[in-house]
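Notes follow the structure.
In full-length UniProt numbering, the protein residues as written are 1 to 97.
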């Protein structure tokens, strides 16, 4: 299993554009995406799936992309309520990073 690398922390002001990357992804996980966890110990919310698709109810300021072995989550015009832990992984957790 490949090791995934994400930055430990990103800081931003309301209205900023934030890019969070995860390198070392495995493209063999077609169900992989980005997850948001606001409260430790609670179930994470999928904000991007299939690398660049947004579930219903997720604001359009969230977008995703992949390039080679790097996935990027972009939050355009970040809001205070977006403060959370974000991580990249598959729906079964097998490639979480």
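C-beta: ideal position from N, C-alpha, C; glycine also.
Alpha carbon of residue 15 to alpha carbon of residue 27, nearest angstrom: Taking the straight line from one Cα to the other gives about 32 Å.
Limits of the unbroken beta strand (DSSP E) element including residue 86: Taken as a continuous stretch (DSSP letters only), the beta strand (DSSP E) holding residue 86 covers 85-89.
Minimum length 3: unbroken beta strand (DSSP E) runs contained in the UniProt domain "Immunoglobulin V-set" (17-90): Runs of the beta strand (DSSP E) lying entirely within the UniProt domain "Immunoglobulin V-set" (17-90) and spanning at least 3 residues, in chain order: 17-23, 33-37, 45-49, 62-67, 70-76, 85-89.
Whole-Å CB distance - residue 48 paired with residue 61, under 8 Å assumed: Wrong, their Cβ atoms sit about 12 Å apart, outside the cutoff.
Residue 32 versus residue 43: straight-line alpha-carbon distance, rounded: Counting only the Cα atoms, residue 43 lies some 16 Å from residue 32.
Own chain partners of residue 66 with C-beta closer than 8 Å, once the 5 adjacent residues on each side are dropped: Taken in chain order, the residues that qualify are 25, 27, 51, 52, 72.
Neighbourhood of residue 1 by C-beta distance below 6 Å, restricted to the same chain and skipping five residues each side: Below a pLDDT of 50, predicted positions are generally treated as unreliable, and residue 1, at 46, falls in that range; no measurement from the model is reported.
Closest Cα partner of residue 82 within the set 40, 59, 23, 41: Out of 40, 59, 23, 41, 59 has the C-alpha closest to the C-alpha of residue 82.
Own chain residues within Cβ distance below 7 Å of residue 36, not counting five before or after: Only 44, 45, 47, 84, 86 meet the Cβ criterion.
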